[in-house]
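Q: Before we start, here is the structure in question, set down as structure tokens.
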Ligand code: S3P
């Protein structure tokens, strides 16, 4: 997509999934891993493992800013390690920091899984592991956060896929075809 960040001279060969909570980034990461045999890195899982506690606990004990610092630090670490041939599923707020938007693109081909608020709510309402949606009016929270974040997802992504009318397999095929084109391996 059109944005202000020049692509890094040598983008790393990863597929990076961004988008709002409940849009299917983790599920899609697992599907893509099975299809092409890349490793799957889920940033929320890595952060929980390294912190030794769940995301709600991190938010509760250390605050959201600390969690955001952990996200930025993880992106930097992946770049430093020259992480390659990974599918990277990110947390829904990963693209919010401007710094992260450039880091995400440095890591590879960034795909934004776009999802309407109704679907988001349906996918997230059964679990209580998303602190930002633990409130009296989750629909209002989703709508407001989505409005704030849409330009940031747009800025970070090479490709946007609206997932609402598509099967997982169709989305996966679309991502892989576009990634091959992006990396010039068609
Ligand atoms: C967040 C999304 C969550 C998790 C944390 C914050 C966000 O990940 O990183 O609760 O700010 O949107 P998922 O998108 O996997 O739910």
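Numbering (my numbering), first residue to last: 24 to 209. Yeah, the Cβ is synthetic: ideal placement off N, Cα and C, and Gly gets one too.
My understanding is that residue 155 touches residue 126, with C-beta atoms under 8 Å, so please give their C-beta distance in whole angstroms.
A: Numbered from 1 along the chain shown, position 132 holds the residue referred to as residue 155. Numbered from 1 along the chain shown, position 103 holds the residue referred to as residue 126. Contact flag wrong, Cβ pair sits at about 21 Å.
Q: Terminal residues of the continuous alpha helix (DSSP H) containing residue 137?
A: Within the chain shown, residue 137 is the residue found at index 114, counting from 1. That residue, residue 137, is in no alpha helix (DSSP H); its beta strand (DSSP E) goes 132-137.
Q: For the ligand S3P, any of its heavy atoms closer than 8 Å to the Cβ of residue 114?
A: Here the question's residue 114 lines up with position 91 in the chain shown. Checking every heavy atom of the ligand S3P against the Cβ of residue 114, one is found closer than 8 Å.
Q: Might you give, ordered along the chain, the residues of its own chain that have their beta carbon closer than 6 Å to the beta carbon of residue 198, omitting 5 neighbours on each side?
A: Residue numbering aside, residue 198 sits at position 175 when the chain shown is read from its first letter. Same-chain partners within the cutoff: 134.
Q: Is the shortest distance between the beta-carbon of residue 77 and the beta-carbons of chain D less than 9 Å?
A: Structure shown: chain D not included; a single protein chain is present.
Q: Report buried or exposed for residue 138, applying the criterion of at least 16 other Cβ atoms within 10 angstroms of its Cβ.
A: Taking the first residue of the chain shown as 1, we reach residue 138 at position 115. Flag for residue 138 reads buried.
Q: Any idea which residues DSSP pairs residue 182 with across the strands?
A: Stepping through the chain shown from its first residue, residue 182 is reached at position 159. Its beta-bridge partners are 134.
Q: Along the chain, which unbroken stretches of the beta strand (DSSP E) at least 3 residues long are found entirely within the segment 86-159?
A: 109-112, 132-137
Q: Straight-line CA distance for residue 160 to residue 207?
A: Numbered from 1 along the chain shown, position 137 holds the residue referred to as residue 160. Numbered from 1 along the chain shown, position 184 holds the residue referred to as residue 207. Between residue 160 and residue 207, the C-alpha separation is close to 45 Å.
Q: Going by Cα to Cα distance, which pick from 173, 123, 192, 191 is closest to residue 39?
A: Taking the chain shown and counting its residues from 1, the one referred to as residue 39 is at position 16. Of 173, 123, 192, 191, the residue nearest in Cα terms is 123.
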